[in-house]
Ligand code: IMP
Ligand code: MG
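Residue numbers (this note's numbering): 508 to 691.
This is the structure:
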C-alpha cells in the first residue's frame with residue numbers, strides 16, 4: 508500500500524511554463540505536417556491525456572485522435588521493462604500521418620516497444636513528441652523528435668502523470684520527495 512501522506516511534491520515545471528512550451532511545440536508540429544490531409548494523433552494512456560488535450564487544441568491541422576495503452580509501473584517507481592499493450596488503437600494507421608504523444612521518456616522501453624509496433628503498420632510519416640525527457644535514465648537508444656522539457660532523474664507527477672494513480676490532476680509538474688519518519 509502506498510501512503511500518500513508520506514511524501515511532498517516539490518515544484519519542478521510551472522503551469523505557465525508548460526503552457527508556453529506546448530504552444531511552441533504545436534507550432535512546430537503544425538509546420539511539420541502543414542501539407543497533410545489528416546494527422547492521426549496517438550496518445551499513450553494514461554499519462555498523456557492532459558498534454559494531448561492541450562496540444563490538439565493548438566494544432567491548426569485536420570486531426571483525428573486515437574489512444575494506445577501499455578502496462579505500467581504497477582504502482583511502483585521502477586520501470587517494468589517488459590512492455591505489454593493493454594489497449595490497442597481503434598483505427599488503422601497504414602499510409603497515415605501520425606503524431607505519437609507521450610508524457611515522459613524514462614528508460615525508453617515503453618516508447619521503443621510502441622514505436623516498433625506502430626512502424627510495423629507502415630504509417631506514411633511518424634513524428635514523436637514527449638512532454639518530458641529524463642535522458643540520464645535511458646536504457647535504449649529511442650528518442651522523441653520533439654521534447655518539452657529535459658528533466659533530472661527525479662520521479663515526477665502532475666499534468667496527467669501519476670504516482671500510484673494519484674496527482675494526475677495537478678496543473679504543474681512536481682517532483683516527489685519522501686518525508687523522513689519525523690515528517691521533515
Ligand atoms: P519508460 O518505459 O521507462 O521510458 O517509462 C515510460 C513510462 O513510465 C512513462 O510513459 C510514464 O508513464 C512512466 N514514468 C516514467 N517516469 C515517470 C515519473 O517520473 N513519474 C511517473 N511516471 C513515470
Ligand atoms: Mg506513460
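Glycine is no exception: its CB is placed at the ideal position from the N, C-alpha and C atoms. Values in this document were obtained by computation on a predicted structure and should not be read as measured data.
Look at residue 545 here: in three-state DSSP terms it is coil, with no helix or strand label. Residue pairing by DSSP puts residue 604 in a beta bridge opposite 546, 632. At the C-beta level, residue 610 and residue 566 stay beyond 7 angstroms of one another. Between ligand 1 and the CB of residue 611, the shortest heavy atom gap is smaller than 6 angstroms. Placement of the Cβ of residue 554 at a distance of less than 6 angstroms from at least one heavy atom of ligand 1 is found. Nearest Cα to residue 539 within the set 671, 512, 632: 632. In chain order, 685, 686 place their CB closer than 7 angstroms to the CB of residue 513, counting only its own chain and leaving out the 5 sequence neighbours on each side. Close CB contacts of residue 660 within its chain, under the 7 angstroms cut and outside five residues either way in sequence, are with 641, 643, 644 (chain order). At least one heavy atom of ligand 1 lies less than 6 angstroms from the C-beta of residue 614.
Our two residues, residue 654 and residue 690, have alpha carbons roughly 35 angstroms apart in a direct line. For residue 578, the shortest separation between its Cβ and any heavy atom of ligand 1 does not lie below 6 angstroms. Here residue 681 is not near residue 675, since their CB atoms are 7 angstroms or more apart. In the DSSP assignment, residue 622 falls within the unbroken alpha helix (DSSP H) covering 616-627. Taking the Cα of residue 549 as reference, the smallest distance to any Cα among 533, 530, 570 is reached at 570. Of 562, 589, 555, the smallest CA-CA separation from residue 669 is found for 555.
Distance between residue 532 and residue 656, taken at the CA atoms: about 11 angstroms.
Distance from the CA atom of residue 599 to the CA atom of residue 605, rounded to whole angstroms, is 11 angstroms.
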